[in-house]
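Numbering (the UniProt record's numbering) for the sequence shown: 1 to 468.
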Amino acid sequence: MNLYNLDIERGILSAILLDGKIYEDVASILKPSDFYLPFHQAVFETMEELYKKDLPIDEVFLKEALKKKNKFDDELFLEIIGTAPIEAVESYAKELKDLATKRELIHLSNEIKKIVLEEDKRAIEEVEEIQSKLFHIATSNLSGDFKIAENVITDTLEFIKKQAAKKNKIVTGLDTGFIELNRMTSGFGEGDLIIIAARPSMGKTAFALNIALNVVKQDKGVAIFSLEMPAEQLMLRMMSAYAKIPLQDLRRGNLSDEEWSKLSEVADDLSNRPLFVDDEGNINIHTIRAKLRKLKAQNPNLSLAIIDYLQLISSDQRERHLAIAEISRSLKLLARELQIPIIALSQLNRALESRPNKRPMLSDLRESGAIEQDADIIMFIYRDDVYKAMEARQKQKEALEKGKSVEIEFKEKEIEDAEIIIGKQRNGPTGTVEMLFNKKYTLFTDKVSAVNEVEPTEANIEVPSTLE
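Below you can see the structure in the form of structure tokens.
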């Protein structure tokens with residue numbers, strides 16, 4: 001099988017010489033390297049130069065320009081002039097593009113061998129380099145034409161009609177499972193990078209896992225990269241929230257017969273859900289990208305990826321702010337490429353704890369510049385009772401050191417108020433979503449529905465278990 005067609009190449013170039021306006025149509029599809037014969041490449045490249053200078057693309061100007069560059073070949077030029085111009089230029093140009101793409105794939109296959117055998121790199125870096133080259137070939141074959149307003153408006157109206165036909169008119173993106181959060185965000189959009197940030201013990205991991213659980217219950221695929229804890233611990237939290245069995249009881253295996261039965265049902269259900277967990281601790285952005293691309297290809301239903309957490313992704317960059325910038329930008333591009341929302345958890349600076357009002361703001365993000373720029377949505381988790389408990393313990397400690405007794409006014413609750421503060425939203429409002437957090441099950445719930453189900457109970461203060 002020939003991977004080139006010189007007759008078509010000559011016919012297209014002849015058509016442009018006959019009518020210079022045709023160049024614009026061909027140039028929107030082909031580039032000089034898409035021609036197989038080097039002389040044909042030089043001719044098309046020179047046509048481009050004449051076009052940019054607003055000079056006629058005809059035999060006289062083209063011949064003179066080629067001679068100035070010492071790229072003129074009289075015999076090959078006469079072959080072009082003597083070829084009958086092609087009429088359906090765009091169709092033949094696309095055929096040439098297809099042949100050129102196949103030649104690039106053959107070249108890449110040879111280059112893969114060279115990369116693997118000659119370059120002194122780790123295998124994962126070689127895979128990433130090969131994937132990048134393949135992705136470049138794939139995207140270079142796409143049309144880069146502007147969309148005219150009429151077509152964009154038609155597509156937009158179709159989108160609005162589809163949304164109007166949905167039963168749940170609030171959610172236009174991925175349903176988070178939280179009513180008020182959906183109301184504020186309209187769900188997570190395809191290609192969105194969502195940052196969930198908080199100080200330790202606020203419940204970042206719990207909140208992300210709650211969202212993951214809500215999504216897989218819709219039979220939509222979720223991938224979780226757990227860089228901080230083993231997959232089994234992560235699954236304990238998810239099963240605790242789903243079955244509403246206290247996490248501590250699950251960890252100890254201290255369950256009643258009824259709870260064992262409930263756990264078995266939850267385990268069977270989750271086993272049949274499209275949930276994928278990767279708990280490789282030392283992982284870089286290249287590996288994450290390669291794994292998600294592969295998973296998406298194998299499971300087109302993949303609808304969400306979660307990374308716990310951003311600062312644990314390894315990087316070759318020595319400067320940490322440069323590393324975070326590279327990681328956040330790569331995650332945003334990956335979300336767009338795979339057309340799924342990606343949630344990345346992030347730590348906050350300690351600085352906020354020195355303020356009277358400890359509610360987080362964008363400036364509290366570690367390496368906030370890059371993250372703030374790349375993220376479509378930035379959410380903070382804040383639970384005031386965490387700080388009240390810390391203050392109460394500190395007072396108690398200071399009193400004991402002085403040999404005094406102190407009455408603790410603050411009583412720790414089993415179910416606490418929680419705030420999801422939307423500090424940035426590229427396509428929607430900012431504000432606060434009020435929720436409740438059940439520490440026993442590591443479960444966030446909408447405040448109104450949760451109040452109707454369970455009334456908060458009070459207990460004597462004790463050091464809470466780490467939630468993240």
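We put the beta carbon where it would ideally sit given N, CA and C, even for glycine.
Beta-carbon spacing of residue i, residue j below 7 angstroms
i	j	result
glutamine 339	glycine 221	no
leucine 348	proline 360	yes
histidine 286	glutamate 128	yes
isoleucine 381	phenylalanine 207	yes
leucine 96	isoleucine 16	no
aspartate 374	glutamate 416	no
tyrosine 441	serine 240	yes
leucine 193	leucine 331	yes
threonine 172	isoleucine 211	no
alanine 223	alanine 290	no
alanine 100	isoleucine 29	no
serine 14	isoleucine 80	yes
tyrosine 51	tyrosine 23	yes
alanine 323	serine 315	yes
aspartate 25	glutamate 90	yes
leucine 157	proline 85	no
isoleucine 115	glutamate 125	no
isoleucine 130	isoleucine 153	no
Selected residue, minimal CA-CA separation from residue i, among the options
i	options	result
phenylalanine 276	Thr445, Ile415, Lys388 and Met235	Met235
aspartate 446	Glu265, Asn214 and Leu334	Asn214
lysine 413	Gln425, Arg383 and Lys217	Arg383
glutamate 180	Leu443, Tyr441 and Gly431	Gly431
alanine 197	Ile371, Lys395, Gln394 and Leu443	Ile371
lysine 358	Glu337, Glu419, Ala305 and Leu334	Glu419
glutamate 434	Ala93, Thr46, Ile130 and Asn182	Asn182
isoleucine 170	Met184, Phe77, Glu87 and Leu157	Met184
leucine 443	Gln218, Leu157, Met238 and Lys94	Met238
alanine 389	Leu134, Lys397 and Lys411	Lys411
alanine 351	Ile342, Pro341, Ser363 and Ile422	Ser363
tyrosine 309	Leu334, Asp268 and Glu280	Glu280
aspartate 219	Arg199, Ala243 and Leu174	Leu174
serine 226	Tyr23, Asn282 and Leu302	Asn282
lysine 63	Arg122, Gln317, Arg355 and Leu78	Leu78
leucine 66	Lys121, Glu49 and Asp54	Glu49
valine 448	Lys68, Ser261, Lys102 and Phe178	Phe178
aspartate 376	Val216, Phe437, Ala305 and Pro341	Pro341
glycine 369	Ile327, Glu258 and Arg393	Ile327
aspartate 269	Val216, Leu37, Leu436 and Asp19	Val216
isoleucine 307	Ile324, Asp278 and Tyr36	Asp278
methionine 202	Gly403, Gly187, Arg251 and Met379	Met379
alanine 267	Gly253, Ala243 and Ile288	Ala243
serine 186	Leu333, Pro429 and Lys439	Pro429
leucine 292	Gln425, Arg10 and Leu334	Leu334
phenylalanine 437	Pro32, Thr205, Lys102 and Lys53	Thr205
glycine 20	Leu37, Asp54 and Asn427	Asp54
arginine 103	Asn2, Glu59, Glu75 and Ala165	Asn2
arginine 122	Asn284, Ala231, Arg251 and Phe72	Asn284
glutamine 425	Pro274, Gln396 and Phe188	Phe188
Residues bridged to residue i [DSSP beta-bridge criterion]
i	result
glycine 431	Ile422
aspartate 417	Leu436
residue 479	Only positions 1 to 468 of the chain appear in this structure, which leaves residue 479 out of reach.
serine 346	Ala197
alanine 305	Ala223 and Ile342
serine 314	Asn284
aspartate 446	Met435
phenylalanine 188	Leu174
Cβ-heavy atom distance, residue i to the ligand NAP, below 6 angstroms
i	result
proline 230	Although the ligand NAP was asked about, the structure shown includes no ligands whatsoever.
Legend entry - In chain order, each alpha helix (DSSP H) run of at least 4 residues that lies wholly inside the stretch 355–401: The qualifying runs are 368–374 and 384–401.
Inset, instruction - Please specify which runs of the alpha helix (DSSP H), each continuous and at least 4 residues long, are wholly inside the stretch 194–243, giving them in chain order. - result: Fully enclosed alpha helix (DSSP H) runs of 4 or longer: 204–216 and 231–243.
Inset, instruction - Enumerate, from N- to C-terminal direction, the unbroken beta strand (DSSP E) stretches of 3 or more residues contained entirely within the stretch 262–298. - result: Counting only runs of 3 or more, we get 275–278.
Legend entry - Secondary structure, alpha helix (DSSP H): runs of 4+ residues fully inside the stretch 76–100: Here no run is fully enclosed.
Inset, instruction - Inspect the CB distances between the stretch 283–300 and the stretch 237–250 and report whether three or more fall short of 8 angstroms. - result: Contact fails: fewer than three Cβ-Cβ distances are below 8 angstroms.
Legend entry - Sufficient close CB pairs (3 or more, under 8 angstroms) joining the stretch 35–45 to the stretch 104–122: Not touching, per the Cβ criterion.
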